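The structure appears below as structure tokens.
Chains as they are written, first to last, in UniProt numbering: chain A, 1 to 315; chain B, 1 to 315.
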């Protein structure tokens, strides 16, 4: 759906600011609680909490993250879910979101309604109140920036730092080819992240957004390299489909494609991997794969992720 | 300073994402704490707190909130300060900020350096760590969206709701003509807001961003009108200067111009106003003016704010 309209009567400019805000409240419905816990005051208010607070921000920009081929509801769902994936990547759970919208006055009211209704549906299904936001004009532009506040379940937020040489490297789900649909249909791994944060032998955690080859650098301890078992990498069906269309292998897609939104984490070398994996399977249907370990030098036969590149945002 | 450059070597695109993030860390310096309390993980982490949390978000957009005539440092300072003003408007104090940047790859590195150095300077002077953020591409665009997390000092965040018929209406500072410079040079009224939240006879509070005439609606109780004393409205020198240039009166500017970033609040009718004002003057040099009260019907001789209009964002 094209977000802009040449017909002034169908555009945001015909509503004006106050009526637009009233419409947004209506579209969000129960997804936005009464002020000051929802839209309508200078700040949104969240009740006090005993846990560390988590904050993440991600935008969707017209022409970059979505185009006319993506339904407005799906744009909104993705915006919230990519932020939820960041909360999952710390082992936390979400508390509330605020959304800043920058738009050309020619944006169609119908597009915007679908966007907010999609946001409300996703917010309800993940239990995330939309607590506030901002609307501003941007000539020729359309971008929505969502900030998500979450909190750690226990005293610990699981970060990217903490892996040691010898740690096992794990990944959830299958990788690559997200562009064929997964980048909209993915499920943020909130329950899995929270379970991992509760286990002391899990030492570092992140979500995959720019491709395994690039993202793995963030977990790699100093003076270590990831020795990956090429045959173990869980390649998605979409990566295999893409490989048939272009000159790149399915493995290359699995290591290089962005927007997997799967979890990547490390487990202490001493861990009984079999018991760990059994405990996982009792709890989750989500696929879990050990793809290698951190070593001092590249192990014989191991795959070097530096031979692959990840997604570059500013090219 | 023009933010875009035709010379690729001077542009953000020549840095690439990883080097750009490294540069941003350098420019921010001590304004960004070590990860996970600063840039570098999936989420920023804030320590647990016993107080209600406040969240506000505001952007600056090229072509809307700033242009080539505004130094990049001033753009960043304004971005943080307008969010600080929202925290002040709840009687809170700031905890941390995250910033999402959307930019064309042709944005000049020099502009961006000045922007982040300006952000760092303002963040340091208000004690606000820059805890995280995001960078994304937006063809032809340049926008920065800052989300500020704060907290109430005590159990109470002072909201826009709570005024009753008979309440006195107060405003800090002087109003109007912000466009002549105040919109960059203003001081967020954090200490004043916090002091007001501690007083039980202060019943509602907000900051003025769209002009008194428009913003006052948000505080007005049901079945009440604000009866304003025209002669009492504190008119800024800038509003008088503007009035000499255009066909509108200085009073019109004081009621209609946006971006005053002053506090507007109400005090219970029973309050000893003289004692209240004396207590204020002992604590603050900031000008304080009682500009009227909420009544059932417009008092004889009172000024009707509906005869004036405020700033309309989507026109």
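Cβ atoms here follow ideal geometry from the backbone N, Cα and C, with glycine treated the same way.
Being a predicted model, the structure only gives us computed values, none of them experimental.
What residues are listed by DSSP as bridge partners for residue i?
i, result
"residue 11 of chain B", "B:108"
"residue 132 of chain B", "B:98"
"residue 58 of chain A", "A:146"
"residue 263 of chain A", "A:207"
"residue 87 of chain B", "According to DSSP, residue 87 of chain B bridges with nothing at all."
"residue 212 of chain A", "Answer is none; residue 212 of chain A lacks a bridge partner."
"residue 43 of chain A", "In DSSP, residue 43 of chain A forms no bridge with anything."
"residue 172 of chain A", "A:288"
"residue 92 of chain B", "B:152"
"residue 21 of chain A", "Note: residue 21 of chain A sits in no beta bridge, so no partner."
"residue 28 of chain A", "Answer is none; residue 28 of chain A lacks a bridge partner."
"residue 235 of chain A", "A:175"
"residue 53 of chain A", "A:151 and B:46"
"residue 294 of chain B", "B:226"
"residue 202 of chain B", "B:267"
"residue 303 of chain A", "A:228"
"residue 66 of chain B", "B:62"
"residue 137 of chain A", "A:103"
"residue 4 of chain A", "A:107"
Name the chain B residues whose beta carbon is nearer than 9 Å to that of residue i?
i, result
"residue 161 of chain A", "35, 36, 40 and 41"
"residue 215 of chain A", "What residue 215 of chain A touches in chain B: nothing, since even the nearest Cβ is about 10 Å away."
"residue 89 of chain A", "41, 42 and 43"
Residue i versus chain A: which residues are under 8 Å apart at the beta carbon?
i, result
"residue 92 of chain B", "43"
"residue 157 of chain B", "36, 43 and 45"
"residue 86 of chain B", "42 and 43"
"residue 150 of chain B", "43"
Given that residue i touches chain B, what residues does it touch there, using C-beta distances under 8 Å?
i, result
"residue 98 of chain A", "55, 56, 57 and 147"
Name the chain A residues that come within less than 7 Å of residue i, Cβ to Cβ?
i, result
"residue 102 of chain B", "59, 61 and 143"
"residue 258 of chain B", "Result: empty, since nearest Cβ-Cβ is about 12 Å, beyond 7 Å."
Do residue i and the ligand NAD come close, with the Cβ less than 6 Å from some heavy atom?
i, result
"residue 118 of chain A", "The ligand NAD is absent from the structure shown, which contains no ligand whatsoever."
Residue i and residue j look like a contact to me (Cβ under 8 Å); what is the Cβ gap, rounded to whole Å?
i, j, result
"residue 295 of chain B", "residue 165 of chain B", "7 Å"
"residue 151 of chain A", "residue 172 of chain A", "In fact, because the Cβ distance is near 22 Å, the residues do not count as touching under 8 Å."
"residue 1 of chain A", "residue 42 of chain B", "About 31 Å; that fails the 8 Å criterion."
"residue 374 of chain A", "residue 169 of chain A", "No answer is possible for residue 374 of chain A: the residues shown for chain A start at 1 and end at 315."
"residue 194 of chain B", "residue 91 of chain B", "5 Å"
"residue 76 of chain A", "residue 118 of chain A", "4 Å"
"residue 104 of chain B", "residue 141 of chain B", "6 Å"
"residue 182 of chain B", "residue 238 of chain B", "6 Å"
"residue 61 of chain B", "residue 102 of chain A", "6 Å"
"residue 190 of chain B", "residue 120 of chain B", "So it is not a contact: roughly 19 Å between Cβ atoms."
"residue 84 of chain A", "residue 94 of chain A", "6 Å"
"residue 305 of chain B", "residue 212 of chain B", "7 Å"
"residue 243 of chain B", "residue 250 of chain B", "4 Å"
"residue 204 of chain B", "residue 160 of chain B", "6 Å"
"residue 303 of chain B", "residue 260 of chain B", "Going by Cβ atoms, the distance from residue 303 of chain B to residue 260 of chain B rounds to 17 Å, so no, they are not a contact pair."
"residue 89 of chain B", "residue 153 of chain B", "About 14 Å separates the two Cβ atoms, so there is no contact after all."
(request) Give, in chain order, every residue of the stretch 48-73 of chain A whose Cβ lies closer than 8 Å to some Cβ of chain B. (result) 48, 49, 50, 51, 52, 53, 54, 55, 56, 57, 58, 59, 61, 63, 64 and 65
(message) Closer than 7 Å between beta carbons: that is the criterion. Which residues of the stretch 110-133 of chain B meet it against chain A?
(response) 131, 132 and 133
(message) So if I threshold CB-CB distances at 9 Å, which residues from the stretch 21-37 of chain B count as touching chain A?
(response) 35 and 36
(request) Could you please tell me which residues of the stretch 133-145 of chain A, in chain order, have their CB closer than 7 Å to any CB of chain B? (result) 133, 134, 135, 136, 137, 138, 139, 140, 141, 143 and 145
(message) Please list, in chain order, the residues of the stretch 185-212 of chain A that have any C-beta partner in chain B closer than 7 Å.
(response) 206 and 207
(message) Which residues of the stretch 162-186 of chain A have a Cβ closer than 8 Å to any Cβ of chain B? Give them in chain order.
(response) none
(request) Inspect the CB distances between the stretch 87-98 of chain B and the stretch 138-148 of chain B and report whether three or more fall short of 8 Å. (result) yes
(request) Would you check if the stretch 111-128 of chain A and the stretch 50-58 of chain A touch, i.e. whether three or more CB-CB distances between them fall below 8 Å? (result) no
(message) Would you call the stretch 215-234 of chain B in contact with the stretch 255-267 of chain B, where contact means no fewer than 3 C-beta pairs closer than 8 Å?
(response) yes
(message) Below 8 Å, how does it come out for the stretch 297-306 of chain B and the stretch 223-230 of chain B: are there three or more Cβ pairs, yes or no?
(response) yes
(message) For the stretch 108-116 of chain B against the stretch 5-17 of chain B, do three or more pairs of beta-carbon atoms, one drawn from each stretch, fall closer than 8 Å, so that the two count as touching?
(response) yes
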